[in-house]
Amino acid sequence: MRVDEVHDEL
Amino acid sequence: MNIFRLTGDLSHLAAIIILLLKIWKTRSCAGISGKSQILFALVFTTRYLDLLTSFISFYNTIMKLIYIGCAYATVYLIYMKFKATYDGNHDSFRLEFLVVPVGGLACLVNHDFSFLEILWTFSIYLESVAILPQLFMISKTGEAETITTHYLFFLGLYRALYLFNWIWRFYFEGFFDMIAIVAGVVQTILYCDFFYLYVTKVLKGKKLSLPA
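Taken in sequence, the protein lines are chains F and U. Under this note's numbering, the residues of the first sequence are numbered 524 to 533, in order. Under this note's numbering, the residues of the second sequence are numbered 10 to 221, in order.
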């Protein structure tokens with residue numbers, strides 16, 4: 524779970 | 010990037026292209042739920058707003074643009090260009106029954122209460138159920154054209170491959186995104202019944218028709 528990262532999946 | 014994710018993305022792309030080509034070649038969108046296609050256009054739009062805020066990779070940007078472009082092209086073909094062939098009477102699923110609860114859930118269960126993050130969460134939840142109008146339509150008419158079943162197969166396969174991608178990423182990168190995983194599992198489960206029919210009927214050369 525990550526909040527500040529980008530969503531790298533499509 | 011791992012093999013499951015790449016093949017998942019390509020499977021997703023194949024599904025989208027198959028549908029577009031089917032409509033274009035037959036000059037007809039009979040049997041296709043325009044409502045599901047509206048939902049997918051909404052899914053891509055709300056998820057890929059990060060195109061404007063962050064650059065991830067060339068691959069990522071191109072694929073997002075293709076997905077969005079194809080989604081709107083499909084909606085255009087159904088509701089404008091080949092409107093006369095659109096089977097609106099059988100496409101009677103009420104979109105608000107999906108969009109409203111999903112919007113509420115996205116506001117309640119998310120990683121971060123920010124505008125873009127809530128829209129991303131909304132798109133993830135919405136994608137998991139966006140195929141329901143299409144499946145509902147097939148259950149109403151009791152049959153589907155074979156090419157439509159290929160489309161559904163690749164669309165389901167894409168999410169199933171993403172499940173393997175997440176298992177891979179958990180083991181090798183220690184990464185997991187609970188929201189995406191739970192929604193992805195739900196989405197894949199919705200296709201299980203269809204997968205069964207696809208393997209037992211369509212792959213044996215029969216048309217997909219449901220018992221009366």
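Beta carbons are placed, not taken as given, at the ideal position from N, Cα and C, and that holds for glycine.
Check: Under 8 Å between C-beta atoms of I41(U) and I32(U); Outcome: yes
Check: Residues bridged to A153(U) [DSSP beta-bridge criterion]; Outcome: L217(U)
Check: Which of helix, strand or coil DSSP assigns to I140(U); Outcome: coil
Check: For H120(U) and E126(U), the rounded distance between their alpha carbons; Outcome: 7 Å
Check: N-terminal and C-terminal residue of the alpha helix (DSSP H) that D18(U) is part of; Outcome: I12 to T35
Check: Buried or exposed (CB count within 10 angstroms, at least 16 for buried), L212(U); Outcome: exposed
Check: Residue environment, M146(U), which counts as buried when at least 16 other CB atoms sit within 10 Å; Outcome: buried
Check: Range covered by the alpha helix (DSSP H) that runs through E105(U); Outcome: E105 to L117
Check: For L166(U) and S20(U), the rounded distance between their alpha carbons; Outcome: 7 Å
Check: Inter-residue spacing [alpha-carbon to alpha-carbon] between L172(U) and G193(U); Outcome: 7 Å
Check: Per-residue contacts from Y223(U) into chain F (C-beta, under 8 Å); Outcome: No answer is possible for residue 223(U): the residues shown for chain U start at 10 and end at 221.
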